[in-house]
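Novice: One structure follows; several queries about it will come next.
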Amino acid sequence: GAVVSQHPSWVICKSGTSVKIECRSLDFQATTMFWYRQFPKQSLMLMATSNEGSKATYEQGVEKDKFLINHASLTLSTLTVTSAHPEDSSFYICSAAGLYEQYFGPGTRLTVT
Amino acid sequence: AQSVTQLGSHVSVSEGALVLLRCNYSSSVPPYLFWYVQYPNQGLQLLLKYTTGATLVKGINGFEAEFKKSETSFHLTKPSAHMSDAAEYFCAVSDPVTGGGNKLTFGTGTQLKVEL
């Protein structure tokens, strides 16, 4: 299957700073990518759908000004957590849409202190 | 709107025993169906998927699932559990009209524990 990478795999930042997470599809072009958030022992919650060359579509309840998504190319989408706070600490997972399935990245563990 | 129900947030089996993880869905049309496995601090790995055709789907690591439209179910099974199967399992559905690579609806997950 297709390979999706995320960078960094884990990050610790101080409250009030911003953090950027990259999601790359390594061997195919992804018009659509998705960003999920996962709390411990819980399922994945879709945050937004990222479409190349257009604005992301955010799910209800997700602050678009706090979670900035940019999909500048067919192989790269970025999620920037702005002015991070401890409650933003979570596991963030991206995926790239294929024809019949999504291909998931390995996830990024964000800890805000 | 689609929804997915996974009965049993925790399932425990003995090594070598049958694994059965339940998944029921609600959808106005037969959806695409997926089972993913997640190991701690890792992303999701696709075990198997059903789009069209044969309703019994075989996946990786000896897992299989059967799509039963009349029961709106897609239960995951494995004849003989191995210690390495211990992980979190997620059932998911997507709308075939918009494409299998489109928005997924996940179940709440089932933690599988395998005991000696």
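Residue numbers (this note's numbering), protein chains in the order written: chain L, 259 to 371; chain G, 38 to 153.
Even glycine gets a Cβ: it sits at the ideal position worked out from N, Cα and C.
Out of T369(L), L337(L) and V370(L), which one is the CA nearest neighbour of C281(L)?
Specialist: The residue with the shortest Cα to Cα distance from C281(L) is L337(L).
Novice: Excluding sequence positions up to five away, which residues of its chain have a Cβ less than 7 Å from the Cβ of L93(G)?
Specialist: Contacts found: E101 and E103.
Novice: Residues in the same chain with beta-carbon distance under 6 Å from F71(G), minus the five sequence neighbours each way, listed in chain order, please.
Specialist: The answer, listed in chain order, is K86 and A129.
Novice: Name the residue from D323(L), Y316(L) and C271(L) whose alpha carbon lies nearest to the alpha carbon of M303(L).
Specialist: Comparing Cα-Cα distances from M303(L) to each of D323(L), Y316(L) and C271(L), the minimum goes to Y316(L).
Novice: Would you list, in chain order, the members of the segment 295-312 of chain L that have their beta-carbon closer than 9 Å to a beta-carbon of chain G?
Specialist: Against chain G - using a Cβ distance shorter than 9 Å - the residues of the segment 295-312 of chain L are Q296, K299, Q300, S301, L302, M303, L304 and T307.
Novice: Spatial neighbours of T109(G) within its chain, please: C-beta separation below 7 Å, excluding the five flanking residues on both sides.
Specialist: For T109(G), where only same-chain residues beyond five positions count, the Cβ hits under 7 Å are N61, Y62 and S63.
Novice: How many angstroms separate the CA atom of A306(L) from the CA atom of N328(L)?
Specialist: Rounded to whole angstroms, A306(L) to N328(L) spans 11 Å at the Cα level.
Novice: Assuming A355(L) and A288(L) form a contact by the criterion Cβ under 8 Å, report the distance between their Cβ atoms to the nearest whole angstrom.
Specialist: With 8 Å as the limit, A355(L) and A288(L) qualify as a contact, their Cβ atoms being about 6 Å apart.
Novice: Step through the CB atoms of chain G and report whether any lies within less than 7 Å of the CB of I327(L).
Specialist: Not one chain G Cβ lies under 7 Å of I327(L).
Novice: Tell me which residue opens and which closes the beta strand (DSSP E) that N78(G) is part of.
Specialist: Premise fails: N78(G) is in no beta strand (DSSP E) and is neither H nor E.
Novice: Compare the C-beta of I270(L) against all C-beta atoms of chain G and say whether one is closer than 7 Å.
Specialist: So no, I270(L) is outside the interface.
Novice: Chain G partners of F362(L), CB-CB under 7 Å?
Specialist: By Cβ distance, chain G contributes G80 and L81.
Novice: From this set, L57(G), G99(G) and T142(G), which residue's C-alpha is nearest L113(G)'s C-alpha?
Specialist: Nearest C-alpha to L113(G): L57(G).
Novice: Under a three-way DSSP split, which group does S121(G) fall into?
Specialist: DSSP places S121(G) in helix when its eight states are reduced to three.
Novice: Can you tell me whether DSSP reads E345(L) as helix, strand or coil?
Specialist: The answer is helix: DSSP assigns E345(L) an H, G or I state.
Novice: For K98(G), does the three-state DSSP call read helix, strand or coil?
Specialist: Residue identity check: residue 98(G) is Asn in the sequence provided, not Lys. It is helical.
Novice: Answer with yes or no whether the minimum CB distance from T88(G) to chain A is below 7 Å.
Specialist: Among the protein chains of the structure shown, namely L and G, there is no chain A.
Novice: Closest by CA to S65(G), which one among T147(G), L44(G), P133(G) and G144(G)?
Specialist: Of the candidates T147(G), L44(G), P133(G) and G144(G), the one whose C-alpha sits nearest the C-alpha of S65(G) is P133(G).
Novice: With a threshold of 7 Å between beta-carbons, can Q53(G) be considered close to chain L, or not?
Specialist: According to the sequence as given, residue 53(G) is Gly; it is not Gln. Not closer than 7 Å to any Cβ of chain L, the Cβ of G53(G) fails to qualify, so no.
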